[in-house]
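Asks: Encoded as structure tokens, here's the structure I'll be asking about.
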Amino acid sequence: MEIVCPIDEKCASEVSCLLRPPSPLQVQEYFDQLISTRNCHGIKVKQISERGKGVYAGMDFQEEELVLKDQMLAGNQHSSNKMDCLVCSFCFRFIGSIELQIGRRLYLQSLGDSANDKCHMGSSSHASEDCYNTDSSDMEDGSYMKNHEDYGNCAPGSSKDNISLPKGFIESLMNGELELPFSDKFPLPSTIPCPGGCGEAYYCSKSCAEADWELFHSLLCTGERSKALSRAALLKFIEHANGTNDIFLLAAKVICSIILRYRKLKAAHLEEQGKTNANSKSSNLSLLLEAWKPISIGYKRRWWDCIALPDDVDSSDEASFRMKIRELAFTSLQLLKAAIFDSECEPLFSLEIYGHIIGMFELNNLDLVVASPVEDYFLYIDDLLHGEKKEAEKITRPILDALGDDYSICCQGTAFFPLQSCMNHSCCPNAKAFKREEDRDGQAVIIAQRPICKGEEVTISYIDEDLPYGERQTLLADYGFRCSCPKCLEEEP
Ligand SMILES: [Zn+2]
Ligand SMILES: [Zn+2]
Ligand SMILES: [Zn+2]
């Protein structure tokens, strides 16, 4: 039996208003404004007939030239990646110090190992609490391990073979007592804890902390100053997401951002109108529609409709697989609702809306990647001249051995980039998403792969464009289209 979400029924007309596709004019206005506030004047977004939107060059670009830097609408570091790198929860820049990055990871790795050995993971093993407040709640409820198992070989849980370092040494890395040679060449912004007191979110600057609080985190913070309805319910929601699919955390971030934007619009509206007559249902809906606008431009299909069928699911089981995904989303949504429900934003808690928000990340599938300074550090040591190198390696070699093959893991997550997501695919693209040496935060960076003329469409490849024709088309089918780029037309059998 298919689950019926009560809010889908109760708010049916509001939900259909929210899901009504914006008119081409509204789309155009939105992007023109976005481009002008962000000063990315090199490009234009245009609505093109059947293929939807496209990005066009507003000027000539040379090969390797920067076409666009795109600030994300919302993004999240993968739960499993949180033990590997400590980044700003807002801009995803690495923070702390090289020592902290390494020490923290070795520490969390050792916790994982001792858990694997069925050792205790109780509070007594929280050796780091004095010097550095780690994501303790993640570990106490065991969800951190669960995630680890889910991600299998991708996570550095395979540290069993690595040589471990003395506990005291790891602690002195984390608390700043031990300074590694030449680490001062790789300074990182110091960590600023979340002002809400959750001890989970850290920032590179006060402005990132404030922006995150205002846009998302005040409703998702599990600390004392949280604006959530119930911190206990919020913890349950987070635990469920960490144990199943961390895409729910990102969807929750989007919902929080809409609620917070709505409240701001409402406050401004009340001030303008005076308190009389302002609380009508219709004016609330129009404010909600306004707050929803950035999402209305981005969403396409519901998650359970667009998620690619995993290889291990037989196509005859497709219907039941999709139903299970929908049920999972419903469970997650109920937990989220218990944590942050706002009656004036009730339609946002419908399963239809939740499904569309998650689907937005599924379809646009945009990876958030930030390179690790730990890698640069070890490369620098490796490049030192003989004497210096030998001296430095006395300290760094055992650390490298302890970290193992994946000694530096980049920050990985998922994010929605409003402009990049408008770029169409081509198997012979003229641009690519590429982080340059200086691109050290979570913004998407698009570089010209060959000269692009003013007026030409800017295209990127969603897949590995060097795959054979058939494989490309199969992969692109998950995005819901058949590619008819020049390369495909030529190679079509
Ligand atoms: Zn930041
Ligand atoms: Zn917080
Ligand atoms: Zn193609």
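Heads up, the sequence shown stops at 498 in our numbering, and the numbers go up one at a time, no gaps. We put the CB at the ideal spot given by N, CA and C, even for glycine.
#1: Between the beta-carbon of isoleucine 358 and the beta-carbon of leucine 24, is there less than 9 Å?
#2: What are the start and end residues of the beta strand (DSSP E) that includes isoleucine 53?
#3: At a cut-off of 8 Å, is threonine 227 close to ligand 2 when judged by its beta-carbon and the heavy atoms of the ligand?
#4: What residue range is occupied by the uninterrupted alpha helix (DSSP H) comprising alanine 296?
#5: Any idea what DSSP makes of valine 83, helix, strand or coil?
#6: Does ligand 2 have even one heavy atom less than 8 Å from the beta-carbon of serine 231?
#7: Taking just the CA atoms, how far does glutamine 52 sit from leucine 30?
#8: Just the Cα atoms here: how many angstroms apart are asparagine 152 and lysine 241?
#9: Name the residue from Lys286, Cys488, Glu496 and Asp406 whose alpha carbon lies nearest to the alpha carbon of glutamate 19.
#10: Starting from phenylalanine 99, follow its DSSP beta bridges and name the residues at the other end.
#11: Below 9 Å between beta carbons: does that hold for aspartate 75 and alanine 449?
#12: Give the single residue among Gly202, Leu292 and Ala407 whose Cα lies nearest to the Cα of alanine 273.
#13: In the DSSP assignment, find the unbroken beta strand (DSSP E) run with leucine 353 in it and report its ends.
#14: Around the C-beta of glutamate 134, are 16 or more other C-beta atoms found within 10 angstroms, so that it is buried, or is it exposed?
#15: So which residues put a beta carbon under 6 Å from any heavy atom of ligand 1, going in chain order?
#16: When the Cα atoms are used, what is the spatial distance from arginine 266 to leucine 78?
#17: When you compare only the Cα positions, how much space is there between isoleucine 48 and aspartate 322?
#18: Which one of Glu277, Leu405, Pro403 and Cys432 has the shortest CA to CA distance from leucine 494?
#19: Hey, out of Gln478, Ser231, Asp444 and Ile252, whose CA is closest to leucine 338's CA?
#20: Please name the residue in Ala257, Phe422 and Lys437 whose C-alpha comes closest to that of arginine 43.
#21: Decide if the region 100-109 is in contact with the region 478-495; the criterion is three or more beta carbon pairs, one per stretch, under 8 Å apart.
#22: Does the Cβ-Cβ distance between phenylalanine 354 and histidine 430 come in under 9 Å?
#23: Can you list, in chain order, the residues of its chain with a C-beta nearer than 6 Å to that of serine 413? Leave out the 5 residues immediately preceding and following it.
#24: Classify serine 94: buried if its beta carbon has 16 or more other beta carbons within 10 angstroms, exposed otherwise.
#25: Output the boundary residues of the alpha helix (DSSP H) element that contains glycine 392.
#26: I'd like to check one pair, proline 186 with glutamate 396: are the Cβ atoms closer than 9 Å?
#27: From His391, Leu113 and Pro194, pick the residue whose C-alpha is nearest to that of cysteine 96; which is it?
#28: Are arginine 441 and leucine 71 close, meaning C-beta to C-beta below 9 Å?
#29: Quick check: is any heavy atom of ligand 2 less than 8 Å from the C-beta of cysteine 203?
#30: Hey, quick one: how far does the beta strand (DSSP E) through glycine 460 stretch, first residue to last?
#31: Please return the same chain residues whose Cβ sits closer than 8 Å to the Cβ of tyrosine 35, not counting the five positions on each side in sequence.
#32: Grouping DSSP H, G and I as helix and E and B as strand, with all else coil, what is leucine 373?
#33: By a C-beta neighbour count over all protein chains shown, 10 Å radius and 16 as the cutoff for buried, is arginine 109 buried or exposed?
#34: For the alpha helix (DSSP H) that lysine 329 lies in, which residues bound it at each end?
#35: Three or more beta-carbon pairs under 8 Å between the region 207-224 and the region 309-319, yes or no?
Replies: The relevant details are as follows:
#1: yes
#2: 48-53
#3: yes
#4: 286-303
#5: Here the sequence assigns histidine to residue 83, which means valine is not the residue at that position. Here histidine 83 sits in coil by DSSP.
#6: yes
#7: 9 Å
#8: In this predicted model, asparagine 152 has a pLDDT of only 35, less than 50, meaning its place in the structure is not dependable; the value taken from the coordinates is given anyway. C-alpha separation (whole angstroms): 15 Å.
#9: Lys286
#10: Val92
#11: yes
#12: Leu292
#13: Here leucine 353 belongs to no beta strand (DSSP E), and DSSP marks it neither H nor E.
#14: With a pLDDT of 34 at glutamate 134, under the threshold of 50, the modelled position of this residue cannot be trusted; read the value that follows with caution. Classification for glutamate 134: exposed.
#15: Cys93, Phe95, Cys96, Arg98, Tyr208, Cys209, Ser210 and Cys213
#16: 13 Å
#17: 44 Å
#18: Cys432
#19: Ile252
#20: Phe422
#21: no
#22: no
#23: Ser377, Val379 and Glu380
#24: buried
#25: 391-408
#26: yes
#27: Pro194
#28: yes
#29: yes
#30: From DSSP, glycine 460 is part of no beta strand (DSSP E); its letter is neither H nor E.
#31: Pro27, Lys298, Pro299 and Ile302
#32: strand
#33: buried
#34: 323-345
#35: no
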